[in-house]
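Protein chains: 2
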Amino acid sequence: MGKPLYRVVEDHIRNLINTGKLVPGDLIPSESQLAKALDVSPGTVKKAITNLVWEKLLFRHQGKGTYVSRVDFEKSLFQFFSYGDAEGRSIRIHKTTTDRRRQEGSAAICKRLGVEPGTELLYIERVGLIGEQPILVEYSWWPASVVPGLEDERVHIPDFLYAMVLNRYGVPVVRAQETLTAEAADETTARMIGIEPGTPVVVLKRVTYTTGDRIVEVRTTKGRADRFSYKTEIR
Amino acid sequence: MGKPLYRVVEDHIRNLINTGKLVPGDLIPSESQLAKALDVSPGTVKKAITNLVWEKLLFRHQGKGTYVSRVDFEKSLFQFFSYGDAEGRSIRIHKTTTDRRRQEGSAAICKRLGVEPGTELLYIERVGLIGEQPILVEYSWWPASVVPGLEDERVHIPDFLYAMVLNRYGVPVVRAQETLTAEAADETTARMIGIEPGTPVVVLKRVTYTTGDRIVEVRTTKGRADRFSYKTEIR
DNA sequence: TAGTGGTCTAGACCACCGA
DNA sequence: CGGTGGTCTAGACCACTAG
């Protein structure tokens, strides 16, 4: 069917990842091993891997091998909430948990999560602060079956939630989709981040995926618009 | 100094572009020509070009040759103003010129343009409509010396301003930077797009560059937040 | 030292394009 | 048809990493 050999190699590697045989952070087989296993020349394997490296699915480390990329939440739109135009570099946003509980999901949330209406969910609400000042609120929902026991208040929720979910439940976050809009602040959000209701807030909706395109979380972040600025380059 | 050969080739091509010897749309020398000219093997040239293709600086066309990419304003954040959540695909936004004149630039604008304060500028104001409904306003400034005569009202300003500037003045747009925020609508903007002052608007600031990193335009677009939504994928 | 990826070369053959 | 890029191979040599 005329599919180039290097594409066959790419698909092979992609499959290892999509089926969970390889997980972010894993070392993949070496170029020569792959060449033998798939019976193609080393140059072809190199080309396939080079393509996947450009796609950021893999990264190479000379002398060690080739790894599956970790999800790069540095590229999340979330990062663009900052200390305004003060020249100082990106100051970390610290998060405090303000609410969490198990509950049945609303129809809308269940639809976003791709689960049956009325499924048991874990709801987590956090406020993001720069220093003492609240900047944003985060509303997050997980299928309760994915993170059992996380509703227990004695379990501490760290800033890096996904790392914790990986360690505790073995569920790796593989990719995510984000959508950005702006709207007028609702009363709850406004109160939590200390602005007037009706003031503009930036709204960031995220869908988080694990292996096999399964959704594990939907999240809505609302933050002060005056602390948000997103830059791109067009060529 | 240990710079890899393929990097030398890349830099050579990049230079041809940055100095304006090659302009977006141009055909670059063939791989074999470059190999001879720079005295490296064809494989090395191929690798260099492959890198630049991944960077989207070039694109190849089998049987024809390799070209310098045109700026892809499809990727502008501007594109994410749309007909709301109506499933229908991206409907074109038509633009009407509402004001244009030569004037001295304010200190702030001149600074963004990188010119002396008080430089003569061309100011263009346009409203973007979907169908009959105004969605956004665009405030744009050019050094008057770049686009002489464009203040003349008899000169029609088309939707694709950059194509016109290229044809009329031979000034190619090579890249642009965009910054996105949200804020409350000022009175002028609100009136022009038919919303209440104070309602959230999305603010998009653009700096447009021609050959040799020279700024030719700064532009601020303000649009209805409820018509804006920007999507990304994180991996 | 053995194994990994990184660079560079040389050449064969194919697919596409335009004159 | 000749010239372009696209695929694939084979092999030499280098640079880095780990044991």
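Line order of the protein sequences matches chains A and B. Residue numbers 1250 to 1484, in my numbering, belong to the letters of the first sequence in order. Residue numbers 1250 to 1484, in my numbering, belong to the letters of the second sequence in order. No residue lacks a Cβ here, since even glycine has one placed at the ideal position from N, Cα and C.
Check                                                                                                                              : Outcome
Contact under 9 Å by Cβ, I1373 of chain A with V1467 of chain A                                                                    : no
Interface residues of chain B facing I1483 of chain A [CB-CB closer than 8 Å]                                                      : V1320, D1321, F1322, K1324, S1325, R1424, A1425, Q1426, E1427
Contact set between the stretch 1456 to 1478 of chain A and chain B, restricted to residues whose Cβ is under 8 Å from the partner : A1474, D1475, F1477, S1478
Neighbourhood of K1296 of chain B by C-beta, 6 Å cutoff - its chain only, sequence neighbours within 5 removed                     : Y1255
Which of helix, strand or coil DSSP assigns to G1419 of chain A                                                                    : coil
Cβ separation of P1273 of chain B and V1423 of chain B, assumed to be a contact under 8 Å, to the nearest whole Å                  : 7 Å
Neighbourhood of V1320 of chain A by C-beta distance below 8 Å, restricted to the same chain and skipping five residues each side  : P1273, Y1411, V1422, V1423, R1424, A1425
Alpha-carbon to alpha-carbon, L1306 of chain B and N1267 of chain B                                                                : 11 Å
Whether Q1352 of chain A touches L1378 of chain A by CB criterion (9 Å)                                                            : no
is_contact[G1447 of chain A, chain B] using C-beta, thresh 9 Å                                                                     : yes
Three-state secondary structure (DSSP) of H1405 of chain A                                                                         : coil
Cβ-based burial, S1389 of chain B [other Cβ within 10 Å; buried from 16]                                                           : buried
Within-9 Å CB hit, V1258 of chain B to chain A                                                                                     : no
Minimum C-alpha distance to L1342 of chain A - residue among A:E1436, A:F1327, A:V1452                                             : Note that residue 1342 of chain A is Ile in the sequence shown, not Leu. Ranking A:E1436, A:F1327, A:V1452 by Cα distance to I1342 of chain A puts A:F1327 first.
Amino acids of chain B, ordered along the chain, whose beta-carbon sits closer than 7 Å to that of W1303 of chain A                : W1303
Alpha-carbon spacing of E1304 of chain A relative to R1463 of chain B, whole angstroms                                             : 31 Å
Euclidean distance between Cα positions of M1206 of chain B and V1450 of chain B                                                   : In the structure as shown, chain B starts at 1250 and stops at 1484, and residue 1206 of chain B therefore has no counterpart that could be examined.
Near-chain A residues of the stretch 1274 to 1294 of chain B - C-beta to any C-beta below 9 Å                                      : none
Sub-9 Å separation of S1355 of chain B and R1455 of chain B beta-carbons                                                           : no
Separation of G1314 of chain B from I1483 of chain B, as counted between CA atoms                                                  : 33 Å
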